[in-house]
Amino acid sequence: MAKLTRAMSRDGSLRAIVTDAPDIVNRAIQIHDTNPTATAAIGRVLLGASMMGSLMSEPDDLLTLRVVGDGIAGSIVVSADSFGNVRGFIQNPKAELPLREDGKLNVGGIVGSGNLYVLRDVGGEEPYNGICPLQSGEIAEDIAYYYAKSEQIPAVCALGVLVDVDYSCKAAGGVLIQLLPFADPEVVDILEKNVMRTTSVTDMLQRGGTELLLNTFLTGIEYDVFDNLETEYRCNCSKERTDKALLSLNDEARAELLIDGQLEMNCQFCDKKYIYTREELEKLYEQP
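Heads up, the sequence shown is in my numbering, so the first residue is 4 and it goes up one at a time.
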């Protein structure tokens, strides 16, 4: 299981979420068989969505992030619930480029230019759709920019995915800090200085977990932790959902399926297979 911690400054100037989630990224690697740079890309989106999703208030609320760039990675789509559980897929899991000049994985290179789309499905309300241009394709900067421009919330976001020599995820996590209305300028100044002094997210996680990550970003700011959640890569696909998708097809599409005789459907998020025989399809379509 992964860990997600939520905190708030005692004066109400900011709220912070940190996560330590290599298990989530390793599950994505297992499902999608990603190359290292693709792992870092989908891993960062999974981490960001997990923290963003945890800001929603109701159990059935859902958040979807879509990173749509013109790079070789193609689209990256991640869904999160309000408990920070996530699932996702990357269009090209084998996307890879040489390391950047600083020796880091070139996530921005495989993502390219494009847009970040945010969809929040909140209970019975009209779904919220937000969009902003990608700033770097490195994901953390793009999420912070989205909050600033689309929701007018000043935010700090830092994400890290460390891929080991065997292509597994050695460390992964992040921090998301939002300034709240009427934030104390002194607290803002302290936060800005802390951000300038921070080093690698994955290095901090390996040395001291989420506690060190939170303490580093909030040094000099009094805060209280109000929640610790266990999160995971969790897909909510089911036979019932697949049945509904098949029932939504028109008569022509249904007839083609019956002619073919057998259907195999794969979930994009978890690669689970749903196989229908001709008899099962006929029975499904006999329903009123």
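Note that the Cβ used here is the ideal one computed from N, Cα and C, for glycine as well.
Computed from a predicted structure; not experimentally measured.
Would you call the CB atoms of residue i and residue j closer than 8 Å?
i      : j      : result
TYR279 : GLN265 : yes
GLY140 : GLY72  : yes
MET59  : VAL125 : yes
ASN51  : LEU162 : Rather than Asn, the amino acid found at residue 51 in this sequence is Gly. Their beta carbons are under 8 Å apart, which means GLY51 touches LEU162 by this criterion.
ILE75  : ILE45  : no
ALA175 : VAL28  : yes
ASP64  : SER82  : no
THR219 : THR201 : yes
LEU7   : GLY87  : yes
Specify the secondary structure class of residue i as computed by DSSP and reduced to three states.
i      : result
ALA52  : helix
THR8   : strand
GLN265 : strand
ARG13  : coil
GLU225 : coil
LEU260 : helix
ALA151 : helix
ILE278 : strand
ALA98  : coil
ALA186 : coil
Quick check on the DSSP output: the beta strand (DSSP E) that includes residue i runs from which residue to which?
i      : result
GLY177 : 172-182
PHE86  : Run containing PHE86: none; DSSP gives neither H nor E here.
LEU250 : From DSSP, LEU250 is part of no beta strand (DSSP E) but of the alpha helix (DSSP H) over 242-250.
CYS160 : 158-166
So residue i and residue j are supposed to be a Cβ contact under 8 Å. How far apart are they, rounded?
i      : j      : result
TYR120 : ILE134 : 5 Å
PRO130 : ASP36  : Not a contact, Cβ separation roughly 32 Å.
VAL178 : ASP14  : The pair is not a contact, with the Cβ atoms about 19 Å apart (cut-off 8 Å).
GLU99  : PRO188 : Actually they are not in contact, since the Cβ atoms of GLU99 and PRO188 sit about 45 Å apart, beyond 8 Å.
GLU24  : THR234 : Reading off the sequence shown, one finds Ala at residue 24, where the question assumed Glu. With a Cβ gap of about 7 Å, ALA24 and THR234 count as contacting.
SER57  : LEU232 : 7 Å
ALA10  : ASP192 : Going by Cβ atoms, the distance from ALA10 to ASP192 rounds to 19 Å, so no, they are not a contact pair.
Let's see if you can read the secondary structure: which residues bound the alpha helix (DSSP H) around residue i?
i      : result
ILE113 : 110-114
GLY212 : 204-220
Which residues share a DSSP beta bridge with residue i?
i      : result
ASP23  : LYS6, GLY176
GLU233 : LYS6
PHE92  : VAL80
ASN118 : VAL71, PRO136
ASP124 : LEU65
Counting only beta-carbon atoms, is residue i nearer than 8 Å to chain C?
i      : result
GLY106 : This model lacks chain C altogether, as it is built from one protein chain only.
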